[in-house]
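Read the structure below first, then the notes.
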Amino acid sequence: MNNIINDIRETARQLLADGKVDVVIGYEKGSLPLKATPCFVRSAQEVDRLIWDETCENNLASFVANTPGKKAIIAKGCDSRSLVVLIQENQLLRDDVYIIGVSCPGVVNKRKIEAEIGEILEATIAEGTISVKGMEGSKEYSFADVKDATCQTCRYPNPVIEDIHMGVTIEVSQSTPFADVIEMENKPDSERQAYFNQQMSKCIRCYACRNACPMCYCPECFVDCNSPKWLTGGVNRAENLMFQAGRVLHLAGRCVDCGACARACPQDVDIRAMNRKSAKDVLVMYHHEAGISETIKPALNEFSADDPEAFLVKE
Amino acid sequence: MEQNPYLPIKMRLIKNLVETEDRNINTFTLEFLNKQDEENFKYLPGQFAEISAFGHGEAPFGIATSPTEPGILKFSVAKVGCVSNALHLMEEGTMVGVRGPMGNSYPIEDFKGKNVVIIGGGFAFTTLRSLAVYMMDEKHRADYGDITVIYGARNPGLLLYKDELAEWETNPNINLVTTIDKECDGWCQRVGFIPTITEQVAPSSVNSYAVVCGPPVMIKYTLPVLEKLNFPPERIITSLEMRMKCGLGICGRCNIGTEYVCKDGPVFTMAQLKELPSEY
Amino acid sequence: MKISKEKFGQSFDALAAEYKTIAPVSDAAGVVNYEAVESFSEVKQNYLNSKLPPKSFFFPQHEKLLSYVKEGKDVTVKNELKVEKTILFGVRPCDAKAFLLLDTVFKNDMFTDPYYFERRDNTVVIGVACNKIAPTCFCSSMGFSPASSAGADIFLIDLGDSYQVEILTEKGKALAAVFPELVELTVEDQTLVDTIKSAQTTSQVDVSTITSKLEKFFDHSYWDTLQEKCIGCNSCTFSCPTCHCFDISEEVRNNKGSRVRTWDGCMAPLFTLHASGHNPRDKKKSRWRQRMMHKFNYFVHNSGDISCVGCGRCIKSCPVNLDIRQVIDGVNKAELVVN
Amino acid sequence: MIMGECQVKVYQPDTSAFKPKIAAFLCNWCSYAGADLAGVGRIQYPATIRTIRVPCSGRINPLYILKAMANGADGVLISGCHPGDCHYISGNYVARRKFALIQSLLKHVGLEDDRVSYSWVSAAEGGRFAEVVKGVTERVTALGPNKGVFKVDDGGAAGE
Chain A
-15 MNNIINDIRE
-5 TARQLLADGK
5 VDVVIGYEKG
15 SLPLKATPCF
25 VRSAQEVDRL
35 IWDETCENNL
45 ASFVANTPGK
55 KAIIAKGCDS
65 RSLVVLIQEN
75 QLLRDDVYII
85 GVSCPGVVNK
95 RKIEAEIGEI
105 LEATIAEGTI
115 SVKGMEGSKE
125 YSFADVKDAT
135 CQTCRYPNPV
145 IEDIHMGVTI
155 EVSQSTPFAD
165 VIEMENKPDS
175 ERQAYFNQQM
185 SKCIRCYACR
195 NACPMCYCPE
205 CFVDCNSPKW
215 LTGGVNRAEN
225 LMFQAGRVLH
235 LAGRCVDCGA
245 CARACPQDVD
255 IRAMNRKSAK
265 DVLVMYHHEA
275 GISETIKPAL
285 NEFSADDPEA
295 FLVKE
Chain B
258 MEQNPYLPIK
268 MRLIKNLVET
278 EDRNINTFTL
288 EFLNKQDEEN
298 FKYLPGQFAE
308 ISAFGHGEAP
318 FGIATSPTEP
328 GILKFSVAKV
338 GCVSNALHLM
348 EEGTMVGVRG
358 PMGNSYPIED
368 FKGKNVVIIG
378 GGFAFTTLRS
388 LAVYMMDEKH
398 RADYGDITVI
408 YGARNPGLLL
418 YKDELAEWET
428 NPNINLVTTI
438 DKECDGWCQR
448 VGFIPTITEQ
458 VAPSSVNSYA
468 VVCGPPVMIK
478 YTLPVLEKLN
488 FPPERIITSL
498 EMRMKCGLGI
508 CGRCNIGTEY
518 VCKDGPVFTM
528 AQLKELPSEY
Chain C
5 MKISKEKFGQ
15 SFDALAAEYK
25 TIAPVSDAAG
35 VVNYEAVESF
45 SEVKQNYLNS
55 KLPPKSFFFP
65 QHEKLLSYVK
75 EGKDVTVKNE
85 LKVEKTILFG
95 VRPCDAKAFL
105 LLDTVFKNDM
115 FTDPYYFERR
125 DNTVVIGVAC
135 NKIAPTCFCS
145 SMGFSPASSA
155 GADIFLIDLG
165 DSYQVEILTE
175 KGKALAAVFP
185 ELVELTVEDQ
195 TLVDTIKSAQ
205 TTSQVDVSTI
215 TSKLEKFFDH
225 SYWDTLQEKC
235 IGCNSCTFSC
245 PTCHCFDISE
255 EVRNNKGSRV
265 RTWDGCMAPL
275 FTLHASGHNP
285 RDKKKSRWRQ
295 RMMHKFNYFV
305 HNSGDISCVG
315 CGRCIKSCPV
325 NLDIRQVIDG
335 VNKAELVVN
Chain D
1063 MIMGECQVKV
1073 YQPDTSAFKP
1083 KIAAFLCNWC
1093 SYAGADLAGV
1103 GRIQYPATIR
1113 TIRVPCSGRI
1123 NPLYILKAMA
1133 NGADGVLISG
1143 CHPGDCHYIS
1153 GNYVARRKFA
1163 LIQSLLKHVG
1173 LEDDRVSYSW
1183 VSAAEGGRFA
1193 EVVKGVTERV
1203 TALGPNKGVF
1213 KVDDGGAAGE
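Chains as they are written, first to last, in the numbering used here: chain A, -15 to 299; chain B, 258 to 537; chain C, 5 to 343; chain D, 1063 to 1222.
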């Protein structure tokens, strides 16, 4: 990892020094253990703030469109897919962004660790091992065991679009994609309903999921619209489900499953469960995955005369 | 327990009058249902009230009537949002909710013995009308010096209270100057933007207060004129507009600096505004 | 004086029959929040603090203010204020202090918010000192400590199998009548009490000069870059025990409706958007500045205290790790440009 | 006219049983005309649907369906032109992709399969329209009233 960060810093330094970009959007060390924080580097002297490790969990693509000027962005596989969608949807000019692609081994799921050993006091990461001192005790974790759920099912750890590549390309194990969704689908209706009820009752509608999502860039979100008023101010299971379902349907064929929403959620709602269901449907029905190529049109911008019609009412 | 300030009183909409030619502003006349309600609703020019269009919501509007006009309240409202649209479509006789009066008022006590120059633009004339009518009332007229009203709109059709303005033209109690932005047929008054006209009319700043309400751009260019005429900032009064919900200084959205516009405002002197962050 | 947990639990259970009792409860995933309980056995022991602040029991996230029925042109309006006698058990010192701050918001020189105060007046707050201090806690910097009793009616210190009891208010006294006789602390108990009382948070920030510094800080360039990584969600404001901004909206079906108030926050652009389209705080920068200025300057002018209690919830919940302690530090370190 | 002469079978609703309310979003050019034809042809079908005419099935926002369920509809029927027959060339092709995803997602989160029904009915298929409504009504009736997966606390029914 150390070599990667040196390369990243050197690249950033060059870009800024040559005036090729105005800002480099990357990660710096956060104030909490095992948490990096987005940073905006505007001068060559500052590039040493940049870091790269398993704590770089934010999807920086969500900052790109709102940051003025030419920018370089450090992009993981999922971030790069978000950039592709943004470019396809004319939210971003390809020429305005210099993509420093980094092959990503995944990010750490801090919450899983905290659930076991309490709030984290100190942590170090070395060679795939995370040593953590928590309020309730210390423990060593193998990174694979505390990898974020998104990263465990990641199929695109290597950037799909980039101007320069960092790190060794990561091989993807071709296990069944969407095994988790299939498992969920096979459960009885009542069980699924109970699961989503329980998840949705946790939501406090802070909209961190929406705001952390690079694809949620609508100037006025349907939840904020007051005529028609889709949602009331009510914060209850049904309203929350309507918010999340509405959001998932807006993201159908666009969601790149970066998991930023789920990681942003302060209430730990399993937002991905719905998004991934929709992503799976898009893959199965329309053989499309969002953001893997600039040339393939998004699934819902396209159609074919023989699209499946299994949803039609039985007559 | 004291009265619940979130509960509106009911008032009957007795007149829903299209005020401007573009049909964008209507004047609503509301009638108190009983003496008690009216007694509890003691207000002064410059204050506002939260009006509920039941089924649509609640929004704050400046009171256009003067306390000297008993039995009713009037509001002139532009059709911009949910509540104002509902009000525009409302049939006469419908009950609306009213909470108030809210906010502070124009400093009419300070105005006593002084000349008052009222400068208004567009549909921001509502509480200014209240002020003018209040001061012109026979009980109060003697308290004040010269009253000058400079009122402008984009075109004659957009002037509020046209009948009343016509009456003021000839009223010796008040010196009315009306203006429109661009010349048009049938208009025999002044033509020009408010700042220019103010400069032409050049009301004396000696022993005078200026009250300015209007669109931000009008205020922006009128203030330098008033400064040139030597109005000190303590004697330039304006009324701010902010998004409001509770009207009680609690919900936080009209907060500017240490002030809550709904409770500590909406009327401020320029001297006060200079101390506040310019977030309005 | 102290009471054994067993006896306290019996009194608690007896009170639960008469009062609505709210206490910290742990869910299956180990997340602690305040919920209605019927017995002391449900109450989570040794918790750090709740994930969401207990402010929602006085100021719910979603609350009906009034309801109405329209009939023809007429309308009937009904007050929806409903209050139950409540015991709020297990409030940490930071949250209890936050109640005192909220009191100054919901009652100002002109108005009193009946929805908040009816609940507040009918609730007995039982505070419990912190035995454990999280790395994100910084209450010691905010003028109190993990064992401050301010804001509580009854204050307990957890001594393992018993509580040291302090009755602080009349409300507390009335409730404490059901406690069996209190016994003296042992020498060991006293040592433990002293340890807990002298504990300080490990994390500290300097807020001694922030209010005066912010006085002339409004146009400082510090705000330009500070907020860049903020994504503008409301997880900080919703998890804050002192944030109190709200929205009032209408929920309607056919001829019936109600007016509800819901939590809102200054981070949302719609918060200040006028119907005309004008927005006085249209930039993330101005919204972030508002949050800081309000907490650390405006609030001090209006209520005499900083509107932050150092509970650290916003630090833990922020998706981009925009740490309020660092922001305070940043203000402290920023140079004022003297013109 | 004497009722006995009427060719169509009179639909006899059971008044005691639960009668669902179904929001029907019908495209202007085919399904709405189909419903019209059913009416003109006096083809009886249950009076359970509340028709909302939309320009094209492609106009149907997924939120319409969610909002109808949230507002207490017991069922939703969506119908447009047959694929290939869209008045706007491709509106229903685009809609078809959306509908498939909506249907799948709603089932996934626990909404009963038959609550929301989709079908293609042309302007000439008045009889078929009636059959579709009958079928949908039967299935929704079998499910019973809206169980509230999306239905929210009725703000308006306060104080009752």
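Ideal placement from N, C-alpha and C gives every residue a C-beta, glycine not left out. Note that the structure is a prediction, hence the values are computed from the model and not measured.
In this structure, B:VAL390 is the residue among B:GLY409, B:VAL390, B:LYS292, B:ASN361 with its C-alpha nearest to the C-alpha of B:PRO324. Contact between the segment 142 to 154 of chain C and the segment 88 to 103 of chain C is present, with at least three C-beta pairs closer than 8 Å.
At a cut-off of 8 Å, the C-beta of B:MET527 has no neighbouring C-beta in chain C. Sixteen is the threshold: since fewer than 16 other Cβ atoms of the shown chains lie within 10 Å of the Cβ of D:PHE1080, the residue is exposed. At least one C-beta of chain D is nearer than 8 Å to the C-beta of A:SER262. In this structure, the beta-carbon distance from C:ILE158 to C:LEU179 falls below 8 Å. Less than 8 Å divides the Cβ of A:PHE127 from the Cβ of A:GLU38. The alpha helix (DSSP H) runs lying completely inside the segment 82 to 106 of chain A and spanning 4 residues or more are 94 to 101, given in chain order. DSSP, reduced to helix, strand and coil, places A:CYS239 outside both helices and strands of the structure shown, so it counts as coil. In summary, the residues of the segment 280 to 301 of chain C whose CB is separated from some CB of chain A by less than 9 Å are LYS288, in the order they occur in the chain. Within 10 angstroms of the beta-carbon of C:GLY76 lie fewer than 16 other beta-carbons, which makes it exposed.
Judged by DSSP in its simplified three-state form, A:ILE(-8) adopts helix. Residue-level contact by beta carbon fails for C:HIS224 and chain B, as no gap is shorter than 8 Å.
Interface flag for A:GLN177 against chain D is set, since a Cβ pair is found closer than 8 Å. For C:HIS66, no CB of chain B lies under 8 Å from its own CB, so it is not counted at the interface with that chain. For C:LEU105, there are no neighbours in chain A by C-beta distance under 7 Å, as the nearest C-beta there is about 21 Å away. Contact note: B:CYS519 does not reach chain C at a C-beta cutoff of 8 Å; the least C-beta distance is about 10 Å.
Around the Cβ of D:HIS1170, a 10 Å sphere holds 16 or more other Cβ atoms; the residue is buried. For a cut-off of 8 Å, the C-beta gap from B:ILE437 to B:ILE407 is around 12 Å, too long to register as a contact. Look at the segment 46 to 65 of chain A: the residues with a C-beta under 9 Å from a C-beta of chain C are SER46, PHE47, ASN50, THR51. When only Cα atoms are considered, A:VAL266 and A:HIS272 end up about 6 Å apart. For C:PRO139, the closest C-alpha among the options C:ALA279, C:GLN204, C:ASP198, C:GLY155 is that of C:GLN204. For D:GLY1142, the uninterrupted beta strand (DSSP E) run begins and ends at 1137 to 1142, by DSSP. With respect to the 8 Å criterion, A:LEU67 and A:ILE83 are classified as neighbours on the basis of their beta carbons. Sixteen is the threshold: when 16 or more other Cβ atoms of the shown chains lie within 10 Å of the Cβ of C:LEU218, as they do, the residue is buried. Proximity of A:MET199 to chain D, defined by a Cβ-Cβ separation below 8 Å, is not satisfied. A residue is called buried when at least 16 other Cβ atoms come within 10 angstroms of its Cβ; A:ASP79 does not meet this threshold and is exposed. Close partners of C:ASP251 in chain B (Cβ separation under 9 Å): LYS502, CYS508, ARG510. Secondary structure of A:THR153 (DSSP, three-state): coil. When the alpha-carbon of C:CYS322 is set against those of A:ALA20, A:VAL5, A:ASP63, A:GLY10, the nearest one is in A:ALA20. Interface annotation, D:LYS1213: in contact with chain A, CB-CB separation under 8 Å.
For the segment 5 to 17 of chain A, the set of positions with a beta-carbon nearer than 7 Å to some beta-carbon of chain C reads GLY14, SER15, LEU16 in chain order. The beta-carbon separation of D:ALA1132 and D:PHE1212, rounded to 4 Å, stays under the 8 Å limit for a contact.
For C:MET114, the nearest beta carbon of chain B is closer than 8 Å to its own beta carbon. Contact check between the segment 1138 to 1145 of chain D and the segment 1176 to 1183 of chain D: three or more CB pairs, one atom from each, fall below 8 Å, which counts as touching. When 7 Å is used as the limit between beta carbons, A:ALA236 is near these residues of chain D: LEU1163, in chain order.
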